[in-house]
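For the sequence shown, full-length UniProt numbering gives the first residue as 1, with consecutive numbering after it.
A virtual CB, placed ideally from N, CA and C, is assigned to each residue, including glycine.
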Amino acid sequence: MRSYHPQMDTWFDAVVGRNYDFVRENVKNMAGISNFMGTTGLCKAAAAGDLEMVKILFESEKDIVDSRGKTPLMYAAENGHTSVISFLMPYMAKKQTHDKTTALMYAVWKGHKDAVTLLLKEEQGLTQYRGMTALMQAARYKHTDLCELLLSECGRQDNCGFTALLFATMSGCIDFVKKLWDKEGSITGLNGETPLMTAARENKVDLIDFFISKGQAGKKDVEGKTALMSAAERGHIQSISALIKYEKNMQDNRGMTALMYAASHSKLDAAKILKDEVPLKDKNGRTALQYANLQYADIATATMKPENKDLATQHVQEISPLSIFLFNESLQHAFIPTSKTFRSIVDFLVRAFQSYKDEYRGYDEIVDFCDRLLDVMTSFVVDFITPFYYVSLTLGVPVAKDKQDADFTNSANRMMDTLFQEIEEFLSDDSDSLVCCICLDKLRNVILYPCKHVVVCLDCLETLKDSCPYCRTTIKDKDTVDYLD
């Protein structure tokens, strides 16, 4: 850090106050004085556009830069002082700061067209340390009037693969984009990011429409990601609405859909627009509902600790709405092809139970009949419920019993209750058909895969060898069922 000079204030007051006589008299003794940023009197004079003061201080301070490496020419360029620029340019052109910024870039940053015109012939083509050109600076700060002057820098990319067109897209400057489209429209970022993807990520709806008109819809980056997916993971509703017609149901290299991106980032409103993608699964068989909960796996583990009670509450409140929405949409899509069959089976069970309630002589036969139908129905329900609800249960995401949301009326709990309520009422005097077939004491609560039979309790599971006691199918996996109170 630079030390404080006792005469600094006096010296700078004279320079800024244009006290030319005082400066001339003291230039030999006081030249080179700078503040804590390394700014000299010459820098201050250049920034103020004081050409006479610049000439007085030039020989004494022309080789001094501030702590960032910024030259007096850059101070003049930043403030658009063309007379000072013309004087200093032969001596200081093409110099760069510590991060490789040029005087031209300072002029572009502030939109000084005349200053840009002067500096362009000496400094065009130079880049900042990240590879950014003056044209990219103009695009970033929406200086459309500078575009024509800097077109010679078209086609270049910075270290991240961004072009001036992509910078213009990020800033939302459609006029700049239109000027650059013919020269840079076909250039993508390092990961294959197109201008449309950039517009979707930044939620620039007007630009999205423009890029769609140029045939950009449906393209993917190197990971297979689309513009719709970029918009979905950020919850940009307007961008999603503009893109969904063109990129719905597309999947990336992992099989992820736009809905899965929205779900994995807790974007409920975006998920509602993308709900038609609910039936799709990624290459590992995961659904959007499972993606909604995967990000909370670590949180759910942490919430098991008593000291994290508040975190647990926050976790449940945040995840439940999205999980419930996706769960119900999953059920709607899953049951559409077989809804008539499902309803007819339920109706048949209800009619059968009602007609046999008074016929106690056939009680054993009815119990056996119920067992067989329960087995079929359990397999049927598990086939649909497991992919959608399993992750919610394992992560401890509760379903509020007192929730009155209309969407909730078709949840799995209610669908399964509709089926089993009739059975439970009929067998209320004798629940033998629901007990474990081994101990004949505890309720069956283990689903055996792949047969999906529910015939044993968890305590008796260890007594099994490798096959289901009901059908003798080899057991490959298992799961437990928590009965509702």
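Asked                                                                                                                        : Found
Nearest-angstrom Cα separation, counted from residue 469 out to residue 475                                                  : 10 Å
Sequence-distant residues of the same chain with beta carbon closer than 6 Å to residue 31, five excluded per side           : 60 and 61
Of the listed residues 141, 47, 74 and 137, nearest to residue 156 (C-alpha basis)                                           : 137
Reference residue 46, options 169, 36 and 65, closest by Cα                                                                  : 65
Entirely enclosed alpha helix (DSSP H) segments - the segment 88-162, minimum 4 residues                                     : 103-110, 113-123 and 134-140
Other residues of its chain near residue 67: CB distance less than 6 Å, five sequence neighbours each side excluded          : 37 and 38
Where residue 446 falls, given that 16 or more other Cβ within 10 Å makes a residue buried                                   : buried
Straight-line Cα distance separating residue 481 from residue 401                                                            : Because residue 401 carries a pLDDT of 39, less than 50, the predicted location of this residue cannot be relied on, and no value is offered for it.
Where residue 478 sits in the DSSP three-state scheme                                                                        : strand
Cβ-Cβ separation, residue 131 to residue 503 (assumed contact under 8 Å), whole Å                                            : The chain is shown only over 1 to 485; residue 503 falls outside these bounds and no answer can be derived.
Extent of the continuous alpha helix (DSSP H) run through residue 447                                                        : Run containing residue 447: none in the alpha helix (DSSP H); it sits in the beta strand (DSSP E), 446-449.
Residue 270 beta carbon less than 9 Å from that of residue 236                                                               : yes
C-beta atoms of residue 89 and residue 51 nearer than 9 Å                                                                    : no
Classification of residue 230 by the beta-carbon crowding that lies within 10 angstroms, buried from 16 upward               : buried
For residue 325 and residue 285, the rounded distance between their alpha carbons                                            : 20 Å
Residue 278 in three-state terms, based on DSSP                                                                              : coil
Separation of residue 73 from residue 115, as counted between CA atoms                                                       : 11 Å
Coil, strand or helix - residue 257 by DSSP                                                                                  : coil
Whole-angstrom C-beta distance between residue 217 and residue 259, which should lie under 8 Å                               : Not quite, the Cβ-Cβ distance comes to about 18 Å (not below 8 Å), so this is no contact.
Outcome for residue 129 when other beta-carbon atoms lying within 10 angstroms are tallied against a minimum of 16           : exposed
DSSP bridge partner residues for residue 40 (one or two, in chain order)                                                     : 34
Residue 78 and residue 110 closer than 9 Å at C-beta                                                                         : yes
C-alpha distance - residue 57 paired with residue 152, whole-angstrom precision                                              : 36 Å
Length-filtered (4 minimum) alpha helix (DSSP H) runs lying within the segment 194-262                                       : 195-202, 205-213, 227-234 and 237-247
Buried versus exposed, by CB contacts within 10 Å (16 or more), residue 223                                                  : exposed
Given residue 451 as reference, the closest of 438, 473 and 91 once Cα atoms are compared                                    : 473
Beta carbon of residue 166 nearer than 9 Å to that of residue 212                                                            : no
Cβ of residue 467 within 9 Å of any chain D Cβ                                                                               : Considering every chain present, this structure includes no chain D. It has just one protein chain.
Residue 253 versus 170, 219, 443 and 463, residue with shortest Cα-Cα distance                                               : 219
CA nearest to the CA of residue 133, picked from 142, 8 and 104                                                              : 104
Near the ligand HEM: residue 293 beta-carbon under 8 Å from a heavy atom                                                     : The ligand HEM is not part of this structure, which contains no ligands at all.
Residue burial classification, residue 201 (beta-carbon count within 10 angstroms, cutoff 16)                                : buried
Separation of residue 100 from residue 158, as counted between CA atoms                                                      : 13 Å
Contacting residues, own chain, Cβ-Cβ under 6 Å from residue 256 (five flanking each side not counted)                       : 282
Residues of its chain near residue 102, where Cβ-Cβ distance is below 6 Å and the 5 sequence neighbours each way are ignored : 96, 123 and 126
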